[in-house]
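Report on one structure; see the data block that follows.
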Amino acid sequence: MRPLTLDSLNPNALKVEYAVRGELAIKAEEYREQLKAGSHALPFDRVISSNIGNPQQKGLDQPPITFTRQVAALMEWPALAELAPDAFPKDVIARAQELSREIGSIGAYSHSQGVPLIRKNVAQFIQNRDGYPSDPAHIFLTGGASAGVSLFLSLLINSPRAGILIPIPQYPLYTATIAQFNGVAIPYLLDEYSGWSTSVESIEEALEKAQKEGTVPKALVIINPGNPTGALLDETTQEKLVKLCEKFSLVLLADEVYQANLHQPKEHPFTSFKKVVKNLNSPVPLVSFHSISKGVSGECGRRGGYFECTNISDEILALIYKMVSVGLCPPLSGQIGVDSMVRPPREGEESYVLWKKETDTIHSDLASRTKTMAARLNALPGVSCVDSPGALYLFPQIKLSDKAQEAARKAGKEPDAFYSLALLDETGICVVPGSGFGQKEGEWHYRLTCLCPGVDEYVGKLEGFHRRWVQKYGEQ
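full-length UniProt numbering puts the first residue of the sequence shown at 1, with every later residue one more than the last.
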């Protein structure tokens, strides 16, 4: 008998699916390799990775924030400050020296919970944002927000009947991780026709159904701003959700990694769940996640993030500390990225003017692309698209004819996956089918990022493909 076969592995691993890097992403990489080799008959000259919110990826090319990279450079090689002093503003040198005094070499392990100074700076950032104190002892730095989410789901899922409420559509991290730990995903539907809003009634219906089926609900996941929808919750809805968690004894997991990606900040501002919980003086256990991968940082590859625990007992905090200690510490480069995110240059400092210019440009470009793309997608036959007020994506609905659905069935594909594969084959644009995020039965979507430069060419390819599709398969 062979010692390593699929049958001999943990069966939960076989249930894990992650659509963002699934079939389409794998095929896109194959096309990219063919293009590199130069011997191909592909009808496009580049692959556009619209499937993932990876701002600095080649082809998306969001420039890194200069201040962030300068601090990182001096932390990697402190001698640069003396070898090339004119290359670095004084505030960058001062920041790197302050961090170096605390950390020493970034090649060494840090405190398992994260560098104490950086946790203090995160706490100050949270206090400035919300107007309530934050305790550095309740903050854990992580290798990206995903690591924190995975840790908490592993703790909460204590039996095969343990259920986690997740929005539909949702970020596939949640279904994949719940499957990994042998829990139950309890879906609640967002309302596309009111801007992908979150309904307390929908969550209560999902709770009641799950309980009747023998599932024990443990936590409510809220993604705000939404992924893949970009929707933002208003404070009144947030208050209702906190009270619902009180009523049903749920832990609230607040995924807030897109909190800085606001395209209409006056009409749709961001309010953290920490602030709402404190405003209500609620006892609800809350875990809030943030990351350097999104916002204006876009430093996905550095793997930096944090979570803050609110209303969580000391004995649970001690258990969390024990669990993170198994991994020794989060990456130091990611921790330094977190410090730059929560402590950017202040007005009057040497780096401020450039930092302000760079971040304003990222915000305005993303907002403009999102608005333009939504308008042009909405003009296509059989396509409807909510104009996203936040995050990095659009999630258009596509009406697919009976002929198209039949062709998909013959190919053994979900209809939206069939559409998305054809889009990739013809244009080189890689998106994620809505079926990978979950959607209402009988509806089809796809998610695409608004990070791609050259909107006219990019959307032009989408428009051309869709019109050819309609010619071939007809309208619904």
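The beta-carbon is built from N, C-alpha and C at its ideal position, and this holds for glycine as well. Nothing here was measured: the structure is a model prediction, and the numbers come from that model.
> Which one or two residues does DSSP pair with S49 in a beta bridge?
Replying inline: On the sequence shown, residue 49 is found 49 positions in, with the first residue counted as 1. Residue pairing for S49: DSSP places it in a beta bridge opposite C430.
> Excluding five sequence neighbours on each side, which residues of the same chain lie with their C-beta closer than 8 angstroms to the C-beta of I106?
Replying inline: Reading the sequence shown from its first residue, position 106 is the one you call residue 106. Residues of the same chain with a CB within less than 8 angstroms of the CB of I106, apart from the 5 flanking positions on each side, are M75, E76, L332, S333 and I336 in chain order.
>> If you follow the beta strand (DSSP E) that T310 is in, where does it begin and where does it stop?
In response: The residue given as residue 310 occupies position 310 in the sequence shown. Residues G305 to T310.
> What are the boundary residues of the alpha helix (DSSP H) that includes F465?
Replying inline: Indexing the sequence shown from 1 puts residue 465 at position 465. Unbroken alpha helix (DSSP H) run through F465: V455 to Y473.
>> Going by beta-carbon coordinates alone, are G114 and C300 separated by less than 9 angstroms?
In response: Along the sequence shown, read from residue 1 onward, the residue named residue 114 stands at position 114. Along the sequence shown, read from residue 1 onward, the residue named residue 300 stands at position 300. 9 angstroms or more divides the Cβ of G114 from the Cβ of C300.
>> Could you give the first and the last residue of the continuous alpha helix (DSSP H) run that contains P11?
In response: Numbered from 1 along the sequence shown, position 11 holds the residue referred to as residue 11. P11: member of the alpha helix (DSSP H) spanning P11 to L14, first to last residue.
> When the distance is taken between beta carbons, is Y306 closer than 9 angstroms to I223?
Replying inline: Here residue 223 refers to the residue found at position 223 when the sequence shown is read from its first residue. Here residue 306 refers to the residue found at position 306 when the sequence shown is read from its first residue. Going by beta carbons, I223 and Y306 fall outside the 9 angstroms limit.
> How big is the Cα-Cα spacing for E315 and V455?
Replying inline: For the purposes of this step, residue 315 is taken as the residue at position 315 of the sequence shown. For the purposes of this step, residue 455 is taken as the residue at position 455 of the sequence shown. Each residue's alpha carbon lies about 51 angstroms from the other.
> Do you know how far the Cα of M323 is from the Cα of L250?
Replying inline: Taking the first residue of the sequence shown as position 1, residue 250 is located at position 250. Taking the first residue of the sequence shown as position 1, residue 323 is located at position 323. Those two C-alpha atoms are separated by around 22 angstroms.
>> Would Y258 and G144 qualify as a contact pair, given that the criterion is a beta-carbon distance under 9 angstroms?
In response: Here residue 258 refers to the residue found at position 258 when the sequence shown is read from its first residue. Here residue 144 refers to the residue found at position 144 when the sequence shown is read from its first residue. Result no, Cβ atoms of Y258 and G144 do not sit closer than 9 angstroms.
>> Please give me, in chain order, every unbroken run of the beta strand (DSSP E) with length at least 3 that falls completely inside the region 244-322.
In response: Within the region 244-322, the complete beta strand (DSSP E) runs of at least 3 residues fall at 251-255, 286-291 and 305-310.
> Whole-angstrom Cβ separation of S340 and T175, contact assumed at under 8 angstroms?
Replying inline: Indexing the sequence shown from 1 puts residue 340 at position 340. Indexing the sequence shown from 1 puts residue 175 at position 175. The C-beta distance from S340 to T175 rounds to 32 angstroms, too long to fall under 8 angstroms, and the pair is not in contact.
> Based on the DSSP output, what are the partners of L83 in its beta bridges?
Replying inline: Numbered from 1 along the sequence shown, position 83 holds the residue referred to as residue 83. Among the bridge pairs identified by DSSP, L83 is matched with none.
> Assuming C309 and L317 make a contact with CB atoms under 8 angstroms, what is their CB distance in whole Å?
Replying inline: Translated into positions along the sequence shown, residue 309 becomes position 309. Translated into positions along the sequence shown, residue 317 becomes position 317. So it is a contact: roughly 6 angstroms between Cβ atoms.
>> Does Q397 come out as helix, strand or coil in the three-state DSSP assignment?
In response: Position 397 of the sequence shown, counted from the first residue, corresponds to residue 397. DSSP places Q397 in strand when its eight states are reduced to three.
> How would you label D130, buried or exposed, when you count the other beta carbons within 10 angstroms and need 16 or more for buried?
Replying inline: In the sequence shown, the residue the question calls residue 130 occupies position 130. The residue in question, D130, is buried, as its Cβ has 16 or more Cβ neighbours within 10 Å.
> What separation, rounded to the nearest whole angstrom, lies between the Cα atoms of L35 and W444?
Replying inline: Reading the sequence shown from its first residue, position 35 is the one you call residue 35. Reading the sequence shown from its first residue, position 444 is the one you call residue 444. Looking at the two C-alpha atoms, the distance is approximately 30 angstroms.
> What residue range is occupied by the uninterrupted beta strand (DSSP E) comprising L220?
Replying inline: Locating residue 220 in the sequence shown gives position 220, where the first residue counts as 1. Unbroken beta strand (DSSP E) run through L220: V216 to I223.
>> In the DSSP assignment, the beta strand (DSSP E) including I164 goes from what residue to what residue?
In response: For the purposes of this step, residue 164 is identified with residue 164 of the sequence shown, where counting begins at 1. It spans A162 to I168 - the beta strand (DSSP E) in which I164 sits, taken as one unbroken run.
> Nearest to I168 by CA position, among P228, G442 and R303, is which residue?
Replying inline: Along the sequence shown, one-based indexing puts residue 168 at 168. Selected option, being the one with the closest Cα: P228.
>> By the three-class DSSP mapping on this structure, what secondary structure does V115 have?
In response: Here the question's residue 115 lines up with position 115 in the sequence shown. In the structure shown, V115 falls within a coil segment according to DSSP collapsed to helix, strand and coil.
>> Could you check whether the region 175-184 touches the region 151-164, counting it as contact only if at least three pairs of C-beta atoms, one from each stretch, sit closer than 8 angstroms?
In response: Touching, yes.
> Whole-angstrom Cβ separation of L392 and C450, contact assumed at under 8 angstroms?
Replying inline: Start at 1 with the first residue of the sequence shown, and residue 392 comes out as number 392. Start at 1 with the first residue of the sequence shown, and residue 450 comes out as number 450. Right, the Cβ-Cβ distance comes to about 6 angstroms (below 8 angstroms), so this counts as a contact.
> Considering only C-alpha positions, which residue in the set L220, P225, N261 and P265 is nearest to L244?
Replying inline: Sequence index remark: in the sequence shown, residue 244 carries index 244 (1-based). The shortest CA-to-CA distance from L244 to any of L220, P225, N261 and P265 is the one to L220.
> If we count the other Cβ atoms within 10 Å of its Cβ and call it buried at 16 or more, is K266 buried or exposed?
Replying inline: Within the sequence shown, the letter at position 266 stands for residue 266. Burial state of K266 is exposed, judged by a 10 Å Cβ sphere holding fewer than 16 other Cβ atoms.
> Straight-line CA distance for H466 to M373?
Replying inline: Taking the sequence shown and counting its residues from 1, one reaches residue 466 at position 466. Taking the sequence shown and counting its residues from 1, one reaches residue 373 at position 373. So the alpha carbons of these two residues sit roughly 14 angstroms apart.
> Mapping DSSP to helix, strand and coil, what is G334?
Replying inline: Numbered from its first residue, the sequence shown carries residue 334 at position 334. G334 carries a helical assignment under DSSP once its states are collapsed to helix, strand and coil.
> Going along the chain, which residues of its own chain have a beta-carbon closer than 7 angstroms to the beta-carbon of P43, five neighbours each way excluded?
Replying inline: Stepping through the sequence shown from its first residue, residue 43 is reached at position 43. In chain order, E426 place their CB closer than 7 angstroms to the CB of P43, counting only its own chain and leaving out the 5 sequence neighbours on each side.
> To the nearest angstrom, how far is it from the Cα of I398 to the Cα of A25?
Replying inline: Walking along the sequence shown from the start, residue 398 turns up at place 398. Walking along the sequence shown from the start, residue 25 turns up at place 25. Their backbone Cα atoms lie some 20 angstroms apart in a straight line.
> Between the Cα of G474 and the Cα atoms of L400, V284, E192 and E235, which residue gives the shortest distance?
Replying inline: Working through the sequence shown from its first residue, we reach residue 474 at position 474. The option with the nearest alpha carbon to G474 is L400.
> With 16 as the cutoff for other CB atoms within 10 Å, does A417 come out buried or exposed?
Replying inline: To locate residue 417, count along the sequence shown from 1; it is residue 417. The residue in question, A417, is buried, as its Cβ has 16 or more Cβ neighbours within 10 Å.
> Relative to the C-alpha of G22, which residue among G464, F437, F270 and L462 is closest?
Replying inline: Along the sequence shown, read from residue 1 onward, the residue named residue 22 stands at position 22. Nearest of G464, F437, F270 and L462 to G22, Cα basis: F437.
>> Please tell me whether Y458 and I164 are closer than 9 angstroms, where the distance is taken between their beta carbons.
In response: Position 458 of the sequence shown, counted from the first residue, corresponds to residue 458. Position 164 of the sequence shown, counted from the first residue, corresponds to residue 164. 9 angstroms or more divides the Cβ of Y458 from the Cβ of I164.
>> Based on DSSP bridge pairs, tell me the residues matched to V383.
In response: Numbered from its first residue, the sequence shown carries residue 383 at position 383. Residue pairing for V383: DSSP places it in a beta bridge opposite I398.
> Got a sec, what are the start and stop residues for the alpha helix (DSSP H) residue 541 sits in?
Replying inline: Past the edges of the chain, shown from 1 to 476, lies residue 541, and the structure says nothing about it.
> Three or more C-beta pairs closer than 8 angstroms, one from the region 405-416 and one from the region 275-288: is that the case here?
Replying inline: When C-beta atoms of the region 405-416 are compared with those of the region 275-288, fewer than three pairs fall below 8 angstroms, so the two segments do not count as touching.
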